[in-house]
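105 is the number of the first residue of the sequence shown in my numbering; add one for each residue after it.
Below is one structure; the comments refer to it alone.
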Amino acid sequence: MPKFYLGVDGGGTNCRIRLADAALVTLAETQGGRSNLQLEGGEPAYASIMEGARAAIHEAGLDHGIMAQTYACFGMAGGRLPSARMAFEARDWPFAGVRVFDDIDIARAGAHLGADGAVIIVGTGSAGLALVEGQRYQVGGWGFHVGDQMSGAILGRELVRYAVEATDGLVEASPLTEAVIAQLGGTLDAVMAWSFAGRQPADYGALMPMFIAHYEAGDPVAAKLMEIELDHVDRYVRYFSARGAERLAVVGGFGQRLMPLLEARYGDYVTLPQADPLHGALLMARQLFSES
């Protein structure tokens with residue numbers, strides 16, 4: 105009976121799902137909605153994975169009955185807490201086996217193809233993890249409210265706050281601050297109403313394309329906020345370097361956009377990942393269920 109593997113990269117903005125055969129050859133890949141385990145008790149994440157898995161199996165031209173022959177590894181945003189991972193793993197899954205990890209674990213596995221090294225996720229959220237001679241070093245990943253300092257969501261929130269202060273006349277304004285206010289309704293009353301409308305980290309992270317465009321155009325406020333962003337990255341670089349990590353891979357959509365700046369700042373210590381987090385999830389699934 106053939107064996108299949110399912111890798112899931114569950115992010116705060118979207119969920120990516122890859123179905124592979126026993127040799128880890130990709131059969132299909134699909135995408136779903138937000139999948140943070142801390143949001144709504146993990147319900148959106150569960151729905152996204154189930155919908156995406158069915159779509160991947162259909163795309164591969166296979167019968168849904170193969171779920172019983174499929175071993176899954178999920179790397180989930182919001183998976184820093186063991187209790188959240190255990191509860192999600194214990195759900196009623198149709199797969200032959202399921203293991204749930206923090207999203208940083210699959211990112212690191214893919215970035216270094218299982219070898220030693222460090223990784224930082226710089227996306228809607230942020231976190232870091234290194235494996236050095238069997239020792240695991242994990243930092244960050246504590247969520248939007250108390251952590252995620254490198255993330256696009258936190259920078260987006262700071263950008264909105266700065267734009268509000270600039271409109272009040274408390275700090276310098278710029279084309280970027282004016283563009284932010286315009287996008288969020290055009291007045292401070294509208295921005296305040298927007299902020300109270302159940303905003304999620306992804307809503308703030310969605311401002312990053314605008315931020316990058318203004319930074320590249322020389323906007324002074326964007327330059328000031330970018331230095332704050334890079335200061336946060338500095339802390340992670342110093343931490344992992346001090347613990348013997350020889351390379352640091354950068355993953356996440358926002359991090360990829362920052363790569364030219366990071367390479368200029370840290371040289372060849374920073375690198376792009378050798379493979380994506382989904383491949384890391386598949387590698388981990390094969391290792392975890394090799395005896396099954």
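Ideal Cβ placement from N, Cα and C applies to all residues, glycine included.
In this text the structure is predicted, and so the values were computed from the model without any measurement.
Give the C-beta separation of residue i and residue j to the nearest angstrom, bearing in mind that I take them to be a contact with Cβ-Cβ under 8 Å.
i, j, result
"Ala188", "Gly179", "Not confirmed; about 13 Å, so no contact."
"Leu329", "Glu262", "6 Å"
"Gly229", "Ala257", "7 Å"
"Gly218", "Ala231", "Wrong, their Cβ atoms sit about 19 Å apart, outside the cutoff."
Alpha carbons only, please: which of the options is nearest the one belonging to residue i?
i, options, result
"Val338", "Leu366, Leu311 and Phe205", "Checking the displayed sequence, the identity of residue 338 turns out to be Asp instead of Val. If we check each option's Cα against that of Asp338, Leu366 comes out closest."
"Ser255", "Pro305, Arg138, Ala164 and Leu235", "Pro305"
"Gly227", "Gly290, Asp252, Arg240 and Phe315", "Asp252"
"Phe248", "Tyr308, Ala191 and Lys107", "Tyr308"
"Ala176", "Leu352, Val236 and Gly111", "Gly111"
"Val341", "Val295, Arg261, Gly221 and Pro148", "Gly221"
"Phe192", "Val236, Leu217, Leu166 and Gly114", "Gly114"
"Thr271", "Asp293, Val250, Gly357 and Ile258", "Asp293"
"Gly156", "Leu141, Asn140, Gln173 and Gly136", "Gly136"
"Glu133", "Arg390, Leu141, Tyr109 and Arg351", "Tyr109"
Excluding the five sequence neighbours on either side, which residues of its own chain have a C-beta within less than 8 Å of the C-beta of residue i, listed in chain order?
i, result
"Val354", "Val223, Ile224, Val226, Gln360, Leu362, Met363, Leu366, Val374, Thr375, Leu376 and Pro377"
"Arg240", "Leu233 and Ala234"
"Ala297", "Gly289"
Apart from the five residues on each side of it in sequence, which residues of its chain come closer than 6 Å, Cβ to Cβ, to residue i?
i, result
"Pro198", "Met171"
"Gln242", "Leu233"
Please tell me whether residue i and residue j are closer than 8 Å, where the distance is taken between their beta carbons.
i, j, result
"Glu276", "Val325", "yes"
"Leu128", "Ala164", "no"
"Gly260", "Asp380", "no"
"Gly302", "Val295", "no"
"Leu479", "His318", "For residue 479 there is no data in the structure shown, the boundaries of the chain being 105 and 396."
"Asp323", "Ser278", "yes"
Residues in the same chain with beta-carbon distance under 7 Å from residue i, minus the five sequence neighbours each way, listed in chain order, please.
i, result
"Met105", "Gln173"
Is the number of C-beta pairs between the segment 333-349 and the segment 191-203 that are closer than 8 Å three or more?
Counting Cβ pairs under 8 Å, fewer than three are found: no touch.
Tell me whether the segment 118-126 and the segment 154-163 touch, counting them as touching only if at least three CB pairs, one residue from each stretch, are closer than 8 Å.
With the rule of 3 Cβ pairs closer than 8 Å, the segment 118-126 counts as touching the segment 154-163.
Do the segment 210-217 and the segment 145-152 touch if we need at least three Cβ pairs shorter than 8 Å?
Touching, no.
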